[in-house]
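One structure is given here, and the rest of the page talks about it.
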Amino acid sequence: MNKVADVVFNFFKLCNLKPVQIRKGIYQVQIPDALAKELDGWRAKGGLFQFTFDQKLAETYGAELISEGGYRLDSIIKVIQKQARLSNAILPHTTFFEPTIRRKILDRLAKENPGYRWYIVDYHCKYSPYFLFVLQLTYLAYEKREEIRKPLVDLITGRVLTFEIPLDLLVEGEIEKSMLLKRRISYQQAYQQIQLEINEQLQYSDATWAKQATEIMQTERERLENFFKDLPDDEQKERRIAELMERAKPRVQIRPLRGVLLYFPKFLYRVIQVGSKEKTNRISYDPVSNHLEYLV
1 MNKVADVVFN FFKLCNLKPV QIRKGIYQVQ IPDALAKELD GWRAKGGLFQ FTFDQKLAET
61 YGAELISEGG YRLDSIIKVI QKQARLSNAI LPHTTFFEPT IRRKILDRLA KENPGYRWYI
121 VDYHCKYSPY FLFVLQLTYL AYEKREEIRK PLVDLITGRV LTFEIPLDLL VEGEIEKSML
181 LKRRISYQQA YQQIQLEINE QLQYSDATWA KQATEIMQTE RERLENFFKD LPDDEQKERR
241 IAELMERAKP RVQIRPLRGV LLYFPKFLYR VIQVGSKEKT NRISYDPVSN HLEYLV
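In terms of my numbering, the sequence shown is numbered consecutively and its last residue is 296.
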């Protein structure tokens, strides 16, 4: 296999995707939305992607040609390079249009507090530290299934966010200390929050795979008991069956692959509340999670 193909297949392997050869020299893979956005920009959507490394096959069957100097190989290499670089990254505050945020906050305050009028006096922007964990979940039973999850933890509040930020919105770098909000939880505490979140998600997720695996395991136990029935030592028989059952029981392994420290903007507003009395409030707004918080 040529060098271009090596790069492409290794890339998909790192993304936990496995292309299938649908005819000789033509491959197909299901691209998720998050990866499509990284490859082709934030408007892109996932779907079936057919590709080949042979120009004649591309012309004959309409599959996308991946070759040296071509757009697709270039986009794959850029994603690989960006993933390798990002150990610290910033989501610039200019990603968001502040007047729209201002209107959203005023509308929300008016709706939640009828009978009052609200006026924004001024605002400034700070950056809040988040930690992005890239985790591999492996579902183990008689068949192994893997998936990648990328939860975010707010290092100030400890809240876990489970949506992905497109990589093309991030800028490499760090924030000046004067612009940075101080984190309140440790990386160890952040990882513990992730474990709690993942465990809760697994409790409420579809457990059909585990039920099916348990049924298969019971059938397998009966088969093994029949197979070992002639063993004279009952203790040895039970031990061997127990060992096989332990390896086959359904379970989930969680393995951290990497972590990225991210800085997201928070807009800090001074807002006057007018009613029977006038009151000044300090409000923090996180445009990523749409979280509004009153500051003491």
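Ideal Cβ placement from N, Cα and C applies to all residues, glycine included.
Tell me the DSSP secondary structure of Arg117 in three-state form.
Position 117 of the sequence shown, counted from the start, is the residue given in the question as residue 117. Strand.
Identity of the residue in Leu155, Tyr127, Asp107 and Tyr285 nearest Leu180 by Cα:
Taking the sequence shown and counting its residues from 1, one reaches residue 180 at position 180. Of Leu155, Tyr127, Asp107 and Tyr285, the residue nearest in Cα terms is Tyr127.
Straight-line gap, Asn290 to Ala213 (C-alpha atoms, nearest Å):
Position 290 of the sequence shown, counted from the start, is the residue given in the question as residue 290. Position 213 of the sequence shown, counted from the start, is the residue given in the question as residue 213. Taking the straight line from one Cα to the other gives about 40 Å.
Within 10 angstroms of the Cβ of Phe131, are there 16 or more other Cβ atoms? Answer buried if so, exposed if not.
As a first step, residue 131 must be located in the sequence shown, where it is residue number 131. Buried is the call here.
For Ile165, the nearest candidate out of Lys13, Phe11, Gly25 and Leu35 (CA to CA)
Here residue 165 is taken as the residue at index 165 of the sequence shown, counted from 1. Nearest option by C-alpha distance: Leu35.
Looking at C-beta atoms only, is the number of pairs between the region 15 to 31 and the region 42 to 61 that lie closer than 8 Å three or more?
Result yes; three or more Cβ-Cβ pairs closer than 8 Å.
Hey, is Tyr191's beta-carbon within less than 7 Å of any beta-carbon in chain D?
Of the protein chains in the structure, only one exists, and it is not chain D.
Mind checking who Tyr130 pairs with in its DSSP beta bridge?
The residue you call residue 130 lines up with position 130 of the sequence shown. The partner list for Tyr130 (beta bridge, DSSP) reads Asp154 and Leu262.
For a quick check, are the C-beta atoms of Arg183 and Pro129 less than 7 Å apart?
Sequence index remark: in the sequence shown, residue 183 carries index 183 (1-based). Sequence index remark: in the sequence shown, residue 129 carries index 129 (1-based). Yes, they are a contact pair.
Helix, strand or coil for Glu225, going by three-state DSSP, please let me know.
Residue mapping note: residue 225 aligns to position 225 of the sequence shown, counting from 1. Of the three classes helix, strand and coil, the one that applies to Glu225 here is helix, per DSSP.
Count the other C-beta atoms from every protein chain shown that fall within 10 angstroms of the C-beta of Lys37, then say buried if there are 16 or more, exposed otherwise.
On the sequence shown, position 37 is the one that residue 37 refers to. Burial is judged here by how many other beta carbons sit within 10 angstroms of a residue's own beta carbon; Lys37 has at least 16 and is buried.
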